[in-house]
Amino acid sequence: MRILFVAPSSREGGLQTTLRNRINALRAHGNHSEVVFLEKSEGEYIFKDIVHYYMRSPAEFQKKIMTGNYDIISFIYSLQFLPYVPKTYQGKVLYEVRGWNREIAGILKSISSTRKVHAVMCIAKYLKPLVMAQLTTNVQVFVEGNAVDPMFQWIAPEERTWNDCPIPVNGRKVIAFAARMERSKNWFEFVRICEQVNQIVSIEPWFICNPTNRGELAEVQLACERSGLTEISRFMYNIPNSYMPEVYSEVKRSGGIILSPSVREGLGNHILEPMAVGVPIVSTDVPGKNEIITHGINGLLYKYGHIDMAVECVVKAMGDEKLRNALIANGLATIQEEYSPSVYVKRYSDLLAQI
Numbered sequence: 001m002r003i004l005f006v007a008p009s010s011r012e013g014g015l016q017t018t019l020r021n022r023i024n025a026l027r028a029h030g031n032h033s034e035v036v037f038l039e040k041s042e043g044e045y046i047f048k049d050i051v052h053y054y055m056r057s058p059a060e061f062q063k064k065i066m067t068g069n070y071d072i073i074s075f076i077y078s079l080q081f082l083p084y085v086p087k088t089y090q091g092k093v094l095y096e097v098r099g100w101n102r103e104i105a106g107i108l109k110s111i112s113s114t115r116k117v118h119a120v121m122c123i124a125k126y127l128k129p130l131v132m133a134q135l136t137t138n139v140q141v142f143v144e145g146n147a148v149d150p151m152f153q154w155i156a157p158e159e160r161t162w163n164d165c166p167i168p169v170n171g172r173k174v175i176a177f178a179a180r181m182e183r184s185k186n187w188f189e190f191v192r193i194c195e196q197v198n199q200i201v202s203i204e205p206w207f208i209c210n211p212t213n214r215g216e217l218a219e220v221q222l223a224c225e226r227s228g229l230t231e232i233s234r235f236m237y238n239i240p241n242s243y244m245p246e247v248y249s250e251v252k253r254s255g256g257i258i259l260s261p262s263v264r265e266g267l268g269n270h271i272l273e274p275m276a277v278g279v280p281i282v283s284t285d286v287p288g289k290n291e292i293i294t295h296g297i298n299g300l301l302y303k304y305g306h307i308d309m310a311v312e313c314v315v316k317a318m319g320d321e322k323l324r325n326a327l328i329a330n331g332l333a334t335i336q337e338e339y340s341p342s343v344y345v346k347r348y349s350d351l352l353a354q355i
């Protein structure tokens, strides 16, 4: 099977790493995938082992389809170039929904018999009813889920290759925030939680992010200063995805956790990847993430905005050894049973067979 993915940009983020994971999983089972990006950005290195191009013109796009012999064309987020799919194209056209906003709702409403899409693929279950409510024509809607790259596993200190891998001050447990610096990721709640936990446990907050939004980053740093966290916090920028297994391994070794306070997610890699390394997860109980996490089984959930509840969860995940070990073991089982590459490929293939 030959697949052409059409993606907005090659920036560094969850969309790109998820796409890479899927392509690698499909390739391991004999499928060939290529990516056309609408815009060039800093995350191109993620696709160094994958055939990828940058869109120059509609004519070039049409030529690629006519000569590429693709069985599937899968548009991610944007349908900007859908009108340029040749009428003679005999394969299937998919539209991938990775999250939710007004723009996506508008795009879904535009899908009709004149803009032929055979199926909409949702990354998370909660998206399916939202998608179906916007469609004005009979289009199949599926939930395809996600896959985690096998490189995400525990790496012992003596096996690490990154000499600059961060290490917390001796005795401090890491509470890590791994996300973009934007309001929907809810960094301000992360700071408030860390401020209170720091009065109970010796911690080291880690902000693992892309500093593109300088204004937001400055606000985070000011909030840390006001909360008395500046001296113990660490900001880490643009860490290559290939180094993240070592970073997460260090979070685990310290006795720390991933704290995900975001307001919404598609189906977060920033939860799945550390879970695959064996890091306990504490997260807001919101769609996308509560599809992955079952409270008290493979992670801990707290109600958005309930700081005291979040603090209690964080302290338990770091201090209750029996609970911590159970969260780790069940998290690893979740990855193996639901998000491994082979599981994803079978699910994806089964869905395509229904179109």
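Numbering (UniProt numbering), first residue to last: 1 to 355. C-beta atoms are modelled at their ideal positions from N, C-alpha and C, and glycine is treated no differently. As the structure is a computational prediction, the values presented were derived from the model and not from experiment.
Same chain, Cβ closer than 7 Å to residue i, five either side skipped, listed in chain order
| i | result |
| --- | --- |
| F47 | S10, R20, V35 |
| Q16 | S10, G43, I46 |
| M309 | Y302, K303 |
| I107 | L79 |
Any C-beta of chain D under 7 Å from that of residue i
| i | result |
| --- | --- |
| S233 | The displayed structure is made up of one protein chain only, and chain D is not part of it. |
Residues bridged to residue i [DSSP beta-bridge criterion]
| i | result |
| --- | --- |
| Y95 | F75, V120 |
| K173 | I203 |
| C209 | Y237 |
| A178 | I208 |
| S260 | S283 |
| R2 | H32 |
Residues near residue i by beta carbon distance below 8 Å, same chain, minus five either side
| i | result |
| --- | --- |
| P166 | W206, R234, M236, V247, E250 |
| E291 | A124, K125, Y126, L267 |
| V315 | V197, I200, V201 |
| R172 | S202, I203, E204, I232, S254 |
| V286 | S262, V263, R264, E265, Y304 |
Per-residue burial, residue i [other beta carbons within 10 Å of its own, 16 or more giving buried]
| i | result |
| --- | --- |
| R56 | exposed |
| I104 | buried |
| I239 | buried |
| I355 | exposed |
| S262 | buried |
| residue 421 | Given a span of 1 to 355 for the chain in the structure shown, any question on residue 421 remains unanswerable. |
| V282 | buried |
| residue 365 | For residue 365 there is no data in the structure shown, the boundaries of the chain being 1 and 355. |
| G331 | buried |
| H295 | exposed |
| A329 | exposed |
Distance between beta carbons of residue j and residue i, contact taken as under 8 Å
| i | j | result |
| --- | --- | --- |
| S112 | T137 | 5 Å |
| V143 | M132 | Not quite, the Cβ-Cβ distance comes to about 11 Å (not below 8 Å), so this is no contact. |
| Y70 | L4 | 5 Å |
| L327 | P280 | 4 Å |
| I72 | G91 | 6 Å |
| N269 | G14 | 4 Å |
Same chain only: Cβ atoms within 6 Å of residue i, ignoring 5 sequence neighbours per side
| i | result |
| --- | --- |
| R22 | A147 |
| R160 | E246 |
| F177 | F190, F207 |
| T230 | C224 |
- request: Entirely within the region 10 to 77 and at least 4 residues each: give me those alpha helix (DSSP H) ranges in chain order.
  value: Qualifying alpha helix (DSSP H) stretches, in chain order: 14 to 28, 58 to 68.
message: What ranges does the beta strand (DSSP E) occupy inside the region 266 to 337, keeping only unbroken runs of at least 3 residues that lie completely in it?
response: Counting whole runs of 3 or more residues, the region 266 to 337 contains the beta strand (DSSP E) stretches 281 to 284, 300 to 302.
message: Report the start-end ranges of each beta strand (DSSP E) in the region 119 to 165 that is 3 residues or longer and not cut off at the edges.
response: Counting only runs that start and end inside the region 119 to 165, the beta strand (DSSP E) elements of at least 3 residues fall at 119 to 122, 140 to 143.
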